[in-house]
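Beneath this line is the structure, given in structure tokens, with notes to follow.
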Amino acid sequence: MFGIFGISILLFCCAMVAAAEVALFSLSSQNLKDLSIQHPSQSNVVENLLAKPKKLLATILVANNFLHIAIVLLFSFSLDKLFSTIASPVIKFVVEVVLVTFLILLFGEVLPKVYASRNNIKFASFIAIPISILDKILSPISLPMRSITVFIQQKLGKQKNSFSIDQLSQALELTSTDDTSSEEQKILEGIVSFGNTDTKQVMSPRIDVFALEIDQTFAEIYPKIVQRGYSRIPIFKDNIDSIVGILFVKDLLPYIHNTEFEWKTLVREPFFVPENKKLDNLLKDFQSMKSHLAIVVDEYGGTSGLVS
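Counting along the sequence shown from 1, when you hit position 157 you're at 179 in the working numbering, and nothing is skipped either side.
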């Protein structure tokens with residue numbers, strides 16, 4: 023009788039720890055805001071725990087392992103007489119392993135984790151203080167484990183993203199249309215395809231490019247600039263395949279009343295990119311160079327278009 027009671031208590035503790043793992047680590051930033059409003063005192067405890075996620079995870083894993091071992095030992099010791107009728111030691115061992123594994127998985131893992139995933143805010147507020155106490159008690163074990171984990175991660179290097187564009191696209195296709203609107207779906211599709219899109223697919227083609235001849239006077243280009251209204255304009259010599267620079271219209275503002283002004287001195291260096299450059303790489307280049315416009319060139323060096 024005592025054995026069954028002890029196993030029940032250990033299973034309950036195991037369930038609490040397993041549920042705590044799911045509840046705490048599934049909290050989003052919005053969940054934490056809601057928790058701070060509903061349970062301000064517990065919210066501080068939760069935030070302190072999540073501030074050291076590796077240590078918290080080590081505490082939960084250590085506690086879970088201790089509880090699992092205790093359940094197995096107590097189960098084997100207390101219920102040995104229950105299986106005394108089984109003559110074969112091998113069959114007896116297999117039956118005990120299957121039964122204790124079933125009890126631990128069902129009542130100590132699956133059911134509590136399902137409940138915690140659906141009631142993460144409620145359960146996190148309930149379990150925060152007990153887990154905080156447990157975290158302090160198991161610190162002599164969890165802290166070295168955390169240090170070892172950090173050391174191994176540093177030696178192995180940063181984990182790389184293993185998801186391909188095709189895998190993300192397939193995942194997006196599985197997204198229920200009931201959960202997302204058509205506009206949200208388009209945004210998600212754009213995010214997924216962004217890194218796999220060539221510059222050529224989004225550029226303005228050369229036929230639509232407005233550019234100025236560098237040999238023109240300020241009086242000649244000024245009306246065209248006003249008419250078109252662009253803030254950055256490619257400058258070419260002889261033909262559009264020979265882009266020599268970019269004119270920032272804002273640079274002209276101090277000289278708009280000076281028709282004799284030599285505007286060519288304001289032309290800046292152009293930024294050229296190939297047609298097959300991926301958009302995510304182009305965006306990084308824009309950010310690093312603090313640029314907003316690039317001239318897209320084909321394999322022969324001719325102007326194919328521009329992208330901004």
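Beta carbons: idealized from backbone N, C-alpha and C, even for Gly.
Output the distance between the C-alpha atoms of residue i and residue j, rounded to the nearest integer angstrom.
i    : j    : result
L95  : Q52  : 42 Å
V122 : L33  : 10 Å
L49  : I91  : 29 Å
C36  : V84  : 11 Å
I243 : T219 : 35 Å
L328 : L305 : 14 Å
P263 : H279 : First, the residue type needs correcting, since residue 263 is Asp and not Pro in the sequence shown. Each residue's alpha carbon lies about 31 Å from the other.
F283 : I265 : 22 Å
P152 : V39  : 10 Å
M167 : K77  : 8 Å
G130 : V224 : 53 Å
V68  : L127 : 26 Å
Quick one, which of the options has its alpha-carbon nearest residue i's?
i    : options                   : result
T255 : E69, K312 and S330        : The identity of residue 255 in the sequence shown is Ile, whereas the question assumes Thr. The shortest Cα separation from I255 among E69, K312 and S330 belongs to S330.
K312 : F293, G324 and V116       : F293
L288 : L328, I236, D307 and K222 : I236
Q249 : I262, N141, V318 and F232 : F232
K222 : M38, S326 and A138        : S326
V295 : P227, V318 and N261       : V318
L54  : P162, N261, D320 and A146 : A146
Y252 : A241, S161, D230 and Q238 : D230
Confirm, please, whether the CB-CB distance from residue j to residue i is below 9 Å.
i    : j    : result
F258 : L234 : yes
A45  : I149 : yes
L71  : E43  : no
L125 : I31  : no
T81  : S164 : yes
Within 8 Å: the Cβ of residue i and any heavy atom of the ligand NAD?
i    : result
Y252 : No copy of the ligand NAD occurs in the structure displayed, which carries no ligand at all.
* Complete beta strand (DSSP E) runs within the stretch 217-293 (minimum length 3 residues, chain order) -> 254-259 and 261-270
* **Contact between the stretch 295-306 and the stretch 272-281 (3+ Cβ pairs under 8 Å)** => no
* To do: At 4 residues or longer, and completely inside the stretch 43-91: list those alpha helix (DSSP H) runs for me, N to C.
  => 51-60 and 62-72
* Inside the stretch 302-326 only - beta strand (DSSP E) runs reaching at least 3 residues -> 316-319
* Note down, one range per segment and in chain order, each alpha helix (DSSP H) of at least 4 residues found wholly within the stretch 117-156. => 133-140
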